[in-house]
Amino acid sequence: MDKKIEIVSLGPNCLPRTVLTRGGIKPSKAEGELSCPFDLVAHKLPNIIHYLETDFSDYFEDFYFDVRKRNFLDFRKKGFWKKKDGTVFNHDKDCKINDKDKLIQRFKNRIANFYNITSGNLPVLFILNLQTNPECVPNLYEILRKFCKSTKFKIFVIDFNDLLENCDNDNIYVLKLPLPIENYHDGFNGWNNKKFRESELGIYVEKCICDEVKRVIKTMV
């Protein structure tokens with residue numbers, strides 16, 4: 209890939225990675241794009257900041273497998289790996305109850321990808337889907353400065369809930385959009401439901417995100 213910019217998701221869910229890949233802005237895994245730790249995992253924003261501040265030093269603590277049973281006769285032991293701080297590895301379905309080491313190695317690789325990208329020579333556009341804790345955004349910017357010491361970077365904030373009132377930092381771009389669906393602010397992932405994606409509002413929301421990201425990228429390259 210002949211890249212001019214790196215696009216890195218800051219979560220807190222898979223919306224940034226999914227929408228920008230679907231929109232042809234961020235390359236897919238099949239095209240050689242490497243994943244970073246916040247791409248496809250549900251994290252709380254304060255926890256993301258903690259992991260960045262501490263260089264992921266305690267990221268691999270407090271893992272447990274949450275078994276999801278359909279009924280009391282369901283012995284398949286399906287479910288998700290989670291952390292006690294609320295982190296959910298809901299896209300890592302191939303990591304079963306006995307695959308903790310496999311999951312940990314995968315995320316060690318993704319953390320290494322994050323360090324390699326942010327210490328590289330290309331400008332970096334971080335994408336954040338803001339759901340809670342708007343007061344954390346300025347602090348998040350300052351923390352990212354240590355990762356991108358010699359690299360130009362910006363944060364693109366998708367704000368569905370109209371949480372971020374004032375932002376006087378030219379390197380933090382805020383896109384305010386209507387709530388995609390009812391209860392989205394409670395973490396409901398219906399935005400990725402095919403019926404919603406193909407609706408008039410769903411198409412509008414994804415087009416707005418992709419168009420504005422493209423516009424911000426042009427200011428950086």
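Numbered per the working numbering, the sequence shown spans residues 209 to 429. All C-beta atoms in this analysis are idealised placements derived from N, C-alpha and C, irrespective of residue type, glycine included.
Assuming Asp274 is part of the beta strand (DSSP E), what are its boundary residues? Stepping through the sequence shown from its first residue, residue 274 is reached at position 66. Residues 271–275.
Go ahead and pull the three-state DSSP assignment for Tyr259. Locating residue 259 in the sequence shown gives position 51, counting from the first residue. Tyr259: helix per DSSP, three-state reduction.
I'd like to know if the stretch 344–358 and the stretch 233–240 are in contact, where contact means that at least 3 CB-CB pairs between them fall below 8 Å. No, they do not touch.
Can you find the residues in the same chain that come closer than 7 Å, C-beta to C-beta, to Asp370, ignoring five residues on each side of it along the sequence? Indexing the sequence shown from 1 puts residue 370 at position 162. So the qualifying residues of the chain are Lys384.
Provide the residue span of the alpha helix (DSSP H) that contains Leu409, from first to last. On the sequence shown, position 201 is the one that residue 409 refers to. Per DSSP, the continuous alpha helix (DSSP H) segment holding Leu409 begins and ends at 408–426.
CB Cys418 to CB Val227, shorter than 8 Å? Taking the first residue of the sequence shown as position 1, residue 418 is located at position 210. Taking the first residue of the sequence shown as position 1, residue 227 is located at position 19. Val227 sits close to Cys418, with the two beta carbons spaced by under 8 Å.
Below 8 Å CB to CB, which residues in the same chain sit around Gly287 once its five sequence neighbours on both sides are set aside? Counting from one through the sequence shown, the residue named residue 287 turns up at place 79. Excluding positions up to five away in sequence, the list reads Phe273, Asp274, Val275, Arg276, Ile305.
Whole-Å CB distance - Ile213 paired with Leu330, under 8 Å assumed: Counting from 1 along the sequence shown, the entry for residue 213 is found at position 5. Counting from 1 along the sequence shown, the entry for residue 330 is found at position 122. Indeed, because the Cβ distance is near 6 Å, the residues count as touching under 8 Å.
When we look at the beta-carbon of Gly219 and count the other beta-carbons within 10 Å, is it buried (16 or more) or exposed? In the sequence shown, counting from the first residue as 1, residue 219 sits at position 11. Classification of Gly219: buried, given that the 10 Å Cβ count is 16 or more.
If you count every other CB in all the chains shown that lies within 10 Å of the CB of Thr427, and 16 or more means buried, which is it? In the sequence shown, counting from the first residue as 1, residue 427 sits at position 219. Counting Cβ neighbours within 10 Å, Thr427 comes out exposed, since fewer than 16 surround it.
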